[in-house]
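> Shown below is the structure under consideration.
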Amino acid sequence: MQHVVSVKRKALAANDEAAAELRQQFQSAGSLVVNLISSPGSGKTTLLEATIKSLDGRLTAAVLEGDVATERDADRIRALGVPAHQILTGGACHLDARQVIGALGKTQLLPADLLFIENVGNLICPTTYDLGEDFKVAVLSTTEGDDKPFKYPAIFARAEVTVITKIDLLPYVPFDMNAVREHLAVLNPLGTIFEVASTTGEGVDAWVQYLGARLEKKRAKAS
Ligand SMILES: Nc1nc2c(ncn2[C@@H]2O[C@H](COP(=O)(O)OP(=O)(O)O)[C@@H](O)[C@H]2O)c(=O)[nH]1
Ligand SMILES: [Mg+2]
-10 MQHVVSVKRK ALAANDEAAA ELRQQFQSAG SLVVNLISSP GSGKTTLLEA TIKSLDGRLT
50 AAVLEGDVAT ERDADRIRAL GVPAHQILTG GACHLDARQV IGALGKTQLL PADLLFIENV
110 GNLICPTTYD LGEDFKVAVL STTEGDDKPF KYPAIFARAE VTVITKIDLL PYVPFDMNAV
170 REHLAVLNPL GTIFEVASTT GEGVDAWVQY LGARLEKKRA KAS
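Everything in the sequence shown is counted per the numbering used here, starting at -10 for the first residue and increasing by one.
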C-alpha cells in the first residue's frame, strides 16, 4: 500500500512539472486554457459546439479532445471549422500533461485565443491532473442527478467554474437547482456557476462573455 501511494505521488509530481512547462507555453501563446471535466454524456462537446457558434469567429478557438476510443468528438468540432485533435488514452481515465505536450508538438492548435481541453468523461481521475490550464470547469447536467456535487465533491471544489447543462430538461427531471447552488456555494465559495441549454443556446452567451473577460484579464496581467 505504501508503495502504491509513493508511485502515485511520483506520477503526480512528474505531471506537475510537465504542467508547469505547459503553463509557460500557454502564457507565451497568450491563450486562455480551459480544462472541461464531467461525467460521460453531460454535454461537454455540445457545450463546445454551442460556444464555437456563439463566438462566431470573434475569438479564435482550438480543442484538444481526450477519450478512450474514437475521433468522434474531434470530428464534431472540426465540422464547425475549428481545429481539433483527439488524444486517445487507450483505457486511461484522464489526460495527463505529457500527453498534452505531445499533442501540441504534433499539431498547430496554438496560437489560439481559447484552447479547450475536453477531458476523459468521469468525475474522479481528471481532478488531480494539472494540464497547465487557467482553470478547470466542471460540467453537470440536469439529467445526471442533483446529487453529483455531493458524491464527487473534489472536482466541484476545485473547478473555478461549474456549468450546469440541459436546463431545457428541467421540467422533466427531478433536479433541485437551489440545493445544487447551495451546496456548490459551500464547496467552492468563490466559484462561478452558469446554467445553459447548449441545444437551444440559452445561457451560452453569458458563458462566452465570461471566457472573453478571463482572456482579457490574463493578457492585461501579462503585459
Ligand atoms: N436537451 C439537451 N440535450 C443536451 C444538451 N447538451 C447536450 N445534450 C445531449 O446530451 C448528449 C451527450 O452530449 P455530449 O456533448 O456528447 O456529452 P459529453 O460526453 O459530455 O461530451 C447528446 O445527445 C447531446 O445532444 C442540452 O443542453 N440539452
Ligand atoms: Mg464529448
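We put the beta carbon where it would ideally sit given N, CA and C, even for glycine.
Only a predicted model underlies this, so the values are computations on that prediction, with no experimental measurement involved.
1) Go through the region 10 to 82 residue by residue and report every complete run of the beta strand (DSSP E) that reaches 3 residues or more, in order.
2) Roughly how many angstroms separate the alpha carbons of V126 and Q(-9), rounded to a whole number?
3) Do you know offhand how far F164's Cα is from A81's?
4) Please find out if some non-hydrogen atom of ligand 2 comes closer than 6 angstroms to the beta-carbon of K155.
5) Using a Cβ-Cβ cutoff of less than 7 angstroms, which residues in the same chain neighbour T151 once the five nearest sequence positions on both sides are dropped?
6) Is D123 near ligand 2, going by C-beta to nearest heavy atom under 6 angstroms?
7) Using 10 angstroms around the beta-carbon of E171, count the other beta-carbons present and answer buried if the total reaches 16, otherwise exposed.
8) Report, in whole angstroms, the separation of the C-beta atoms of I90 and A18, which I expect to be a contact under 8 angstroms.
9) Could you spell out where the beta strand (DSSP E) holding I213 opens and where it closes?
10) Tell me whether T34, by its Cβ, gets closer than 6 angstroms to a heavy atom of ligand 2.
11) Drop a sphere of 10 angstroms on the beta-carbon of A186, count the other beta-carbons inside from all chains shown, and report buried for 16 or more, exposed for fewer.
12) Since F105 is in the beta strand (DSSP E), which residue starts that stretch and which ends it?
In this structure, then:
1) 21 to 27, 50 to 56 and 73 to 77
2) Taking the first residue of the sequence shown as 1, we reach residue 126 at position 137. Taking the first residue of the sequence shown as 1, we reach residue -9 at position 2. The alpha-carbon atoms of V126 and Q(-9) are separated by roughly 32 angstroms.
3) Mapped onto the sequence shown, residue 164 falls at position 175. Mapped onto the sequence shown, residue 81 falls at position 92. Cα to Cα, F164 sits roughly 31 angstroms from A81.
4) Stepping through the sequence shown from its first residue, residue 155 is reached at position 166. No.
5) Taking the first residue of the sequence shown as 1, we reach residue 151 at position 162. Its chain contains A127, L129, F145, L173, G180 and I182 as the residues whose beta carbon lies nearer than 7 angstroms to that of T151, once the 5 sequence neighbours on both sides are disregarded; these appear in chain order.
6) What you label residue 123 is simply residue 134 of the sequence shown in a count that begins at 1. The answer is no for D123.
7) Looking up residue 171 in the sequence shown gives position 182. Label assigned to E171: exposed.
8) Start at 1 with the first residue of the sequence shown, and residue 90 comes out as number 101. Start at 1 with the first residue of the sequence shown, and residue 18 comes out as number 29. So it is not a contact: roughly 13 angstroms between Cβ atoms.
9) Because the chain is modelled from -10 through 212, residue 213 falls outside the range shown and cannot be assessed.
10) Looking up residue 34 in the sequence shown gives position 45. Yes - ligand 2 has a heavy atom lying nearer than 6 angstroms to the Cβ of T34.
11) By one-based count along the sequence shown, residue 186 stands at place 197. When all chains shown are included, A186 counts as buried.
12) The sequence position of residue 105 within the sequence shown is 116, counting from 1. It spans L103 to E107 - the beta strand (DSSP E) in which F105 sits, taken as one unbroken run.
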